[in-house]
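Read in order, the letters of the sequence shown are residues 563 to 798 in this note's numbering. The structure appears right after this line, and notes come after that.
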Amino acid sequence: MLNEYIGIDKRYGIFIMAIVSFLVALFSTNGVIAINSIIVPLSTFIVLILGFFVFEENSINITLPLFNNENVYGSAIIYACFNFMTAIGVLYPMAREVKSRESFVKGCILGSIVLTLLGLIINYNILTYYPASFNSEIPNLYVAKNHGPLLPLYLTVIIWLEMFTTEVGCLYSLSKRMQNVLNKSYFYCLLTILLISIPFSFIGFSNLIKMFYPPFGLISMLILLIGVIKYVILRK
Numbered sequence: 563m564l565n566e567y568i569g570i571d572k573r574y575g576i577f578i579m580a581i582v583s584f585l586v587a588l589f590s591t592n593g594v595i596a597i598n599s600i601i602v603p604l605s606t607f608i609v610l611i612l613g614f615f616v617f618e619e620n621s622i623n624i625t626l627p628l629f630n631n632e633n634v635y636g637s638a639i640i641y642a643c644f645n646f647m648t649a650i651g652v653l654y655p656m657a658r659e660v661k662s663r664e665s666f667v668k669g670c671i672l673g674s675i676v677l678t679l680l681g682l683i684i685n686y687n688i689l690t691y692y693p694a695s696f697n698s699e700i701p702n703l704y705v706a707k708n709h710g711p712l713l714p715l716y717l718t719v720i721i722w723l724e725m726f727t728t729e730v731g732c733l734y735s736l737s738k739r740m741q742n743v744l745n746k747s748y749f750y751c752l753l754t755i756l757l758i759s760i761p762f763s764f765i766g767f768s769n770l771i772k773m774f775y776p777p778f779g780l781i782s783m784l785i786l787l788i789g790v791i792k793y794v795i796l797r798k
């Protein structure tokens, strides 16, 4: 994104992202909570504003696409499992450090409700501008371009920040897991993961998605299924 909008070499973008993510992730739970407490309200606000503009202009006027390829439904399930597993990766170590269980549960419920509403708004925006929106790399950005010059800029910044929070969250959760398994310091685990990950960044974002999303989604589905079965058995 820095390369596209500012002309900075992609290699510098990778190292800038890695360094900033490392510094934020160093603060462990506090770092993850702090960065999300800033970015999540901003992204929520932008999505609500965009949804308002789209609704004001089009009201309830959406076109539901017909999918002849049934694999799209399987892909949706795999994608949901992938994101759900990523969330668990952050919530699991965080649950052990957050002092108030009641606040933690309330936060999870509130977050789920807000994410569901935002998901509905985003899908409404995209379907309103179907089929043109489906041909865009970033459909929401395509929608924003129909509503003035500033909104696309704000949305681009928000998308980058959301990528950043995702990276910090993944670094945090995996480092915490490695710390427990290997009995090494959090700093050591964090640095090791980052150094191993940087070379993969040069493969390219779209190539990484094609390579890792489907298998990781299937693995996530299996882990979630085992977790549910284990929970049911333990309750009995």
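Ideal Cβ positions, reconstructed from N, Cα and C, are used throughout, including at glycine. Quantities reported herein were computed from a predicted structural model and do not represent experimental measurements.
Asked, Found
"Limits of the alpha helix (DSSP H) - the one that Ile-688 falls within", "663 to 690"
"Alpha helix (DSSP H) runs wholly inside the segment 722 to 766, at least 4 long, in chain order", "748 to 763"
"Beta-carbon proximity check, Leu-786 vs Ile-755, cutoff 7 Å", "no"
"Distance between beta carbons of Pro-701 and Lys-707, contact taken as under 8 Å", "Not confirmed; about 11 Å, so no contact."
"C-alpha gap between Leu-733 and Ile-760, whole angstroms", "12 Å"
"Rounded separation between Asn-633 and Leu-780 - CA only", "14 Å"
"Cβ contact (3+ pairs, closer than 8 Å) linking the segment 607 to 620 and the segment 662 to 675", "no"
"C-alpha gap between Leu-710 and Leu-717, whole angstroms", "According to the sequence shown, residue 710 is Gly rather than Leu. Rounded to the nearest angstrom, the two C-alpha atoms are 12 Å apart."
"Inter-residue Cα distance where the pair is Met-647 and Ala-694", "31 Å"
"Same chain only: Cβ atoms within 8 Å of Met-773, ignoring 5 sequence neighbours per side", "Ile-765"
"Nearest-angstrom Cα separation, counted from Ile-688 out to Val-705", "7 Å"
"7 Å CB neighbourhood of Glu-724 in its chain, flanking five on each side removed", "Ile-601 and Ser-605"
"Host alpha helix (DSSP H) of Pro-701 (start-end)", "701 to 706"
"Residue of Val-676, Ile-788 and Pro-777 minimising C-alpha distance to Tyr-641", "Pro-777"
"Rounded separation between Phe-812 and Ile-791 - CA only", "Because the chain spans 563 through 798 in this model, residue 812 falls outside it and cannot be assessed."
"Alpha-carbon to alpha-carbon, Leu-680 and Leu-753", "34 Å"
"Pairwise C-alpha distance: Ile-721 and Thr-728", "11 Å"
"Tyr-748 to Ile-758 span [Cα, whole Å]", "16 Å"
"Cβ pair Asn-620, Thr-678 closer than 7 Å", "no"
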